[in-house]
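Residue numbers (the numbering used here), protein chains in the order written: chain A, 1346 to 1796; chain B, 14 to 508. Structure first, commentary second.
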């Protein structure tokens, strides 16, 4: 079934009629797309763009580390690696060869909420892109040899990104302390022990449960014809049987009532670092946009309050950042700063608190709000020269919100956020009892391997 | 933009039919390498045997009286404009040997206030319109680059700010003091990164005293930097004589020219000579270096040597060679070290051909206890490139990958413009990118073998490892006379 795009157009008109930044509404193009559900439940979104002889294909599977069980942390991501080790008609490693040798680009990526696979290819390779995604959704090759090999690669990925990096363990520590619900409490990369424990049976059962067509969104954007493309997609994907829907994960996070605080020693770090995380609602919440503007006001660019007050004026830190932490489930609004040599984390923390209080109680200038609006517009305009960025967004919005049209509404939504909204969410969420604080101290432990 | 595209069977079809072809190479030997299951080609996927032939659109170009070479790549599909102003002679390459980083400090501080605007005002004006403006001068770069971007509707305002930053920087002492504080922290922090330590040591051993070795400023250079040095560096180096202004996006040549005349009209030719470059001293012996990094759980490995400049006749041969051995997840290093052996998350190689003789290098990060087999395999891959002709299918696949990849560039006007900047920068012919695919396809297996023999010469190969010295030093000593450094970059004696 193809859903008409009228709803989105009406939304856009509505905004213009109400007089919210009509200039934006007038000049920003809307992304058109078709939205179809196959008989086996696979949702297919196609958006034509003939400005370059290129298309991107993306499959967003509704599975992330949130779906992992205890004792199998890191499994969703380890599984992602298995998706490149072959299927009935594609040999191990052949996927890389087929994509790159034909001038394409590709990757896979896993986060807490979804697993995404994508290729960008010259437009004459549409059949190839569809075939590669359909073949592995239908018939992944699950062998112990493949699993052992990718287990090693993933364990090196963990060493590279976490264990051999300064502050590598801090990120994990924040989530472990801030969350009580296991779904978001553990890291995407997972623990070495759990990665070692994963079995071929785990892979097979995960594949059957989560890699079903009814648990995925396929998006294709670029130099394709929507009508012939949907027929090709039907032919390739429709024979793949639907499965029983996966168990729904309970994401409920109990309200935090008192500050949590932890000190970590880090043998690889050189400067002390402060991480603060405040619980915030999920990205479907009406407060999501105001939280995003709040993060912009606090830390986007050198005109931001953190940079001006803490980095420039007080010179307490070489950098301080804030991230809205918009995620599909209960999120964390994060503040991270590193103390400048000779400065203390106490002083840094006090300065951060002071800026947060100023947002809550003092005025927010018009230009700070305008900045957030223009950021949203530029980010949308930037996606117009990337089929991949649009394919990924359409897939994610369909998966998370059942609303791929959200790609066209972000500018208008952000344009409605007022200074009062920003202050309200700051007062509501950035409170001491709602935060987790992790202090990381450089610790030159007993020299090991230093000669 | 009107990207003219056509389908043509420029290269032979990728042989996808028939039984499994095994591509992966394994251990040593004079024969094509033995099989492994790391890559199995089943050949059942539907592949269009044709390469989508694309002609990269060309920018319009003009030489202005100031000396600026203006390039405009018009593309109206998105309401945004990006630009790069490239100023040869203003990069760290030209810093005095006792003041490495002067170019970087100058570039960074240009944005921190002008005669009429404070740093805060500049940031606020730019960021309110979601525009970007950055001035950069790499430690070994020949150029400084002023790069900016904005929505089309704000481009005039962006150029006003750009002109102010370019022509009237104030270099106030208080800003310099702030900058020093931040840089001190950064110079401290970066030494925590294994990848930085590897790059620092590798550049040093490959380039020696040549400016190409520079990667980070020294603390001494930072501390001694004063207002007058910045003013002088700006005045002498930021001249339009040999500059390139490249603009891509929602703007025409006529509009761009009018804007440039209006905003940069006072930027006058200074009669500066074209800045020259010299090649580094050739390497005469191999080397093995260890940076002892306590608490490392991985070893960062970099192996490489001096190679070629961008205009070398061997450029195409080495481009294909580099693709075969380490160009992405289809390269031999990735296939063998990761997909077959599981030593690493990634293993790649890179050809850095610039105005002077640059480097070829292979790099990977492996868990400490497989340092020996991983480095042994990596060195063996290099040996195989020198000694064994690349098999037919693998060779064709790699050339096809390079040529077919051009279609993807058409998505981004900035990417296309970067190619044209390269063409102009290195004095390459106007039809360089039109001919590029056929030049790649003309490279033979013999060419690659000869280039590998010539450039991947073991008697000039440098090996750098960063990691746990207790665990890896003994093995490294078996590869040659080992020099050991600490994480501050100081040579240390062994215990």
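Every residue gets a Cβ at the ideal spot worked out from N, C-alpha and C, and that includes glycine.
Where residue i meets chain A, residues with beta-carbon distance less than 8 angstroms
i: residue 539(B); result: The shown model of chain B, from 14 to 508, leaves out residue 539(B), and the question about it has no answer.
i: residue 85(B); result: Neighbours of residue 85(B) on chain A: none; closest Cβ ~17 angstroms, over 8 angstroms.
i: residue 164(B); result: 1719, 1722, 1723, 1726
i: residue 54(B); result: 1436, 1439, 1442
i: residue 380(B); result: 1500, 1501, 1504
i: residue 425(B); result: 1730, 1731
i: residue 348(B); result: 1438
i: residue 362(B); result: Residues of chain A passing the Cβ test: none, with the nearest at roughly 15 angstroms.
Beta bridge counterpart(s) of residue i as assigned by DSSP
i: residue 374(B); result: 317(B), 363(B)
i: residue 1400(A); result: 1466(A), 1567(A)
i: residue 519(B); result: For residue 519(B) there is no data in the structure shown, the boundaries of chain B being 14 and 508.
i: residue 262(B); result: 87(B), 94(B)
i: residue 156(B); result: 101(B)
i: residue 1382(A); result: 1388(A)
i: residue 311(B); result: 380(B)
i: residue 1393(A); result: 1567(A)
i: residue 1406(A); result: 1460(A), 1561(A)
Proximal residues of chain A, C-beta to C-beta of residue i below 7 angstroms
i: residue 341(B); result: 1445
i: residue 201(B); result: 1615, 1616, 1686
i: residue 358(B); result: 1498, 1501, 1502, 1505
Proximity test, residue i beta-carbon vs the ligand SAM heavy atom, cut-off 7 angstroms
i: residue 1714(A); result: With respect to small molecules bound, the structure shown includes none, and the ligand SAM cannot be examined in it.
Partner residues on chain B for residue i, Cβ-Cβ distance less than 9 angstroms
i: residue 1660(A); result: 190, 191, 194, 195
i: residue 1483(A); result: Under the 9 angstroms cutoff, chain B gives no residues; its nearest Cβ is about 13 angstroms from residue 1483(A).
i: residue 1469(A); result: 20, 61, 63, 64, 65, 420
i: residue 1489(A); result: Neighbours of residue 1489(A) on chain B: none; closest Cβ ~12 angstroms, over 9 angstroms.
i: residue 1431(A); result: 53, 55
i: residue 1716(A); result: 137, 140, 141, 142, 143
Coarse secondary structure for residue i, derived from DSSP in three states
i: residue 166(B); result: helix
i: residue 1625(A); result: strand
i: residue 229(B); result: coil
i: residue 1720(A); result: helix
i: residue 1509(A); result: coil
i: residue 145(B); result: strand
i: residue 330(B); result: helix
i: residue 1676(A); result: strand
i: residue 1648(A); result: coil
i: residue 73(B); result: strand
i: residue 269(B); result: helix
i: residue 1613(A); result: coil
i: residue 393(B); result: helix
Interface partners of residue i on chain B, CB under 7 angstroms
i: residue 1699(A); result: Correct list: empty, because the minimum Cβ distance to chain B is about 18 angstroms.
i: residue 1663(A); result: 195, 198, 199
i: residue 1450(A); result: 421
Proximal chain A residues relative to residue i, where beta-carbon distance stays under 9 angstroms
i: residue 204(B); result: 1615
i: residue 355(B); result: 1493, 1494, 1495, 1496, 1497, 1498, 1500, 1501
i: residue 133(B); result: 1647, 1648, 1653, 1657
Contact set between residue i and chain B, taken where Cβ atoms lie within less than 8 angstroms
i: residue 1712(A); result: 137, 141
i: residue 1645(A); result: 140
i: residue 1476(A); result: 58, 59
i: residue 1620(A); result: Chain B residues near residue 1620(A): none, gap ~16 angstroms exceeds 8 angstroms.
i: residue 1461(A); result: Simply none; closest approach about 17 angstroms.
Contact with chain E by residue i, beta-carbon distance below 8 angstroms
i: residue 182(B); result: Checking the listed chains, one finds no chain E in this structure; the protein chains it contains are A and B.
_Length-filtered (4 minimum) alpha helix (DSSP H) runs lying within the segment 1415-1490 of chain A_ = 1420-1427, 1439-1445, 1471-1484
*Cβ pair count under 8 angstroms reaching 3, the segment 1549-1558 of chain A against the segment 1399-1409 of chain A*: yes
*asked:* Does the contact criterion of 3 or more C-beta pairs under 8 angstroms hold for the segment 1540-1556 of chain A versus the segment 1519-1531 of chain A?
replied: no
*Give, in chain order, every unbroken run of the beta strand (DSSP E) that is at least 3 residues long and sits entirely within the segment 1520-1547 of chain A.*
Counting only runs of 3 or more, we get nothing.
_So, does the segment 1624-1643 of chain A touch the segment 1665-1679 of chain A, judging by three or more C-beta pairs under 8 angstroms?_
yes
*At least 3 beta-carbon pairs within less than 8 angstroms: the segment 1746-1762 of chain A vs the segment 1658-1672 of chain A*: no
*Runs of beta strand (DSSP E) wholly within the segment 434-482 of chain B (minimum 3 residues, chain order)*: 475-480
*asked:* Check whether the segment 1380-1398 of chain A and the segment 1423-1430 of chain A touch, using three or more Cβ-Cβ pairs below 8 angstroms as the test.
replied: no
*alpha helix (DSSP H) runs contained entirely in the segment 1723-1751 of chain A, provided each spans 4 or more residues*: 1732-1746
*Cβ contact (3+ pairs, closer than 8 angstroms) linking the segment 492-499 of chain B and the segment 232-246 of chain B*: no
*Counting Cβ pairs closer than 8 angstroms, one from the segment 291-301 of chain B and one from the segment 201-209 of chain B, do we hit at least three?*
Result no; under three Cβ-Cβ pairs closer than 8 angstroms.
*Could you tell me whether the segment 68-88 of chain B touches the segment 254-262 of chain B, using the rule of 3 or more Cβ pairs below 8 angstroms?*
yes
*Does the segment 361-368 of chain B touch the segment 320-332 of chain B, meaning 3 or more C-beta pairs lie closer than 8 angstroms?*
yes
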